[in-house]
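Engineer: Before we start, here is the structure in question, set down as structure tokens.
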Amino acid sequence: MSPRTPDFKLALFVLASGLAALAVIAVTQQNGSAPAPAAQPTFVRPRHSVTIRQPIQQPRVETGKTDPQGHPITVSCGSCHATSAPRPDTRLASELDEFHQGLQYQHGSLTCLSCHDASNYDQLRLADGRGVPFPEAMSLCAQCHGPQYRDYSHGSHGGMTGHWDLSRGPRQRNHCVDCHDPHAPQFPVVQPAFPLPADRGLKSTSTAAPHHG
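Shown next as structure tokens:
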């Protein structure tokens with residue numbers, strides 16, 4: 069059988085395979101166990117987390133008076149609203165003749181009680197009637213602002229501070245009310261402008277000869 073024939077090459081392959089199998093058996097008998105599998109890549113889990121900054125626990129109004137220690141005395145929203153009947157049709161700032169005069173309000177066709185709870189002014193109200201604490205107002209905003217909340221969930225809407233790489237440190241994301249006034253959430257129209265100084269990085273690098281005539 070010539071070394072160049074297919075039969076000779078097949079015989080060499082069978083012999084090599086047999087020797088490899090014998091080597092595996094020998095190692096298994098010597099160690100009492102099968103050889104360890106090749107090391108698999110490992111993925112490092114972030115040591116830190118992403119949190120959402122919470123707004124104040126509950127709005128309070130200053131009374132203009134102070135306690136004996138000099139701290140401002142405040143009252144809850146319900147302290148005053150409990151003294152008058154709710155007005156479910158109020159939807160314009162000009163209609164506020166008892167509380168909150170001068171409030172800037174522009175939030176579509178919503179009334180005050182679309183978001184505030186008439187039975188408890190110290191919390192908010194979801195569309196299905198359930199109460200929600202003020203720090204959880206994002207769940208209220210998400211009812212109507214679905215695309216914005218989707219983009220926020222994916223990280224493309226809303227600012228943040230901290231680390232991109234969570235293995236180096238935590239990250240804190242802004243809440244809706246960090247950037248938006250809940251009573252007039254739309255941003256005003258602004259004109260883009262270069263940061264000062266205005267000539268930084270804007271110097272001409274053109275070397276073309278001036279054109280005459």
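69 is the number of the first residue of the sequence shown in the numbering used here; add one for each residue after it.
Virtual Cβ for every residue (Gly too), placed ideally from N, Cα, C.
No experiment lies behind these values; they were computed from the predicted model shown.
Taking just the CA atoms, how far does residue 157 sit from residue 246?
Structural biologist: Those two C-alpha atoms are separated by around 28 angstroms.
Engineer: Can you tell me whether DSSP reads residue 218 as helix, strand or coil?
Structural biologist: Three-state DSSP puts residue 218 in a helix.
Engineer: In chain order, what residues of the same chain lie with their CB nearer than 8 angstroms to the CB of residue 151, ignoring the 5 residues before and after it?
Structural biologist: Closer than 8 angstroms at Cβ, skipping near neighbours: no residue.
Engineer: Where does the unbroken beta strand (DSSP E) through residue 177 begin, and where does it stop?
Structural biologist: It is not in any beta strand (DSSP E) - residue 177 carries neither H nor E in the DSSP assignment.
Engineer: From this set, 251, 235, 210, which residue's C-alpha is nearest residue 170's C-alpha?
Structural biologist: With distances taken between Cα atoms, residue 170 lies closest to 251.
Engineer: Under the assumption that residue 128 contacts residue 142 (Cβ atoms under 8 angstroms), give the Cβ distance between them as a whole number of angstroms.
Structural biologist: About 4 angstroms; that satisfies the 8 angstroms criterion.
Engineer: In chain order, which beta strand (DSSP E) runs of at least 3 residues are fully inside the segment 128 to 169?
Structural biologist: Here the runs fully enclosed are 128 to 134, 140 to 144.
Engineer: Short of 7 angstroms in beta carbon distance, which residues of its chain neighbour residue 190, apart from the five on each side in sequence? Order them along the chain.
Structural biologist: Same-chain partners within the cutoff: 126, 144, 145, 146.
Engineer: Between residue 183 and residue 167, which are expected to be in contact by the criterion C-beta below 8 angstroms, what is the C-beta distance as a whole number of angstroms?
Structural biologist: Going by Cβ atoms, the distance from residue 183 to residue 167 rounds to 15 angstroms, so no, they are not a contact pair.
Engineer: In chain order, what residues of the same chain lie with their CB nearer than 7 angstroms to the CB of residue 253, ignoring the 5 residues before and after it?
Structural biologist: The residues are 175.
Engineer: So residue 205 packs on residue 154, CB below 8 angstroms; how close in whole Å?
Structural biologist: Not quite, the Cβ-Cβ distance comes to about 20 angstroms (not below 8 angstroms), so this is no contact.
Engineer: Of the residues 119, 195, 259, which one's Cα is nearest the Cα of residue 242?
Structural biologist: The residue with the shortest Cα to Cα distance from residue 242 is 119.
Engineer: Please report the Cβ distance between residue 211 and residue 195, rounded to the nearest whole angstrom; I am assuming they are in contact, meaning their Cβ atoms lie under 8 angstroms.
Structural biologist: About 5 angstroms separates the two Cβ atoms, so the contact holds.
Engineer: According to DSSP, is residue 261 helix, strand or coil?
Structural biologist: Three-state DSSP puts residue 261 in coil, outside helix and strand.
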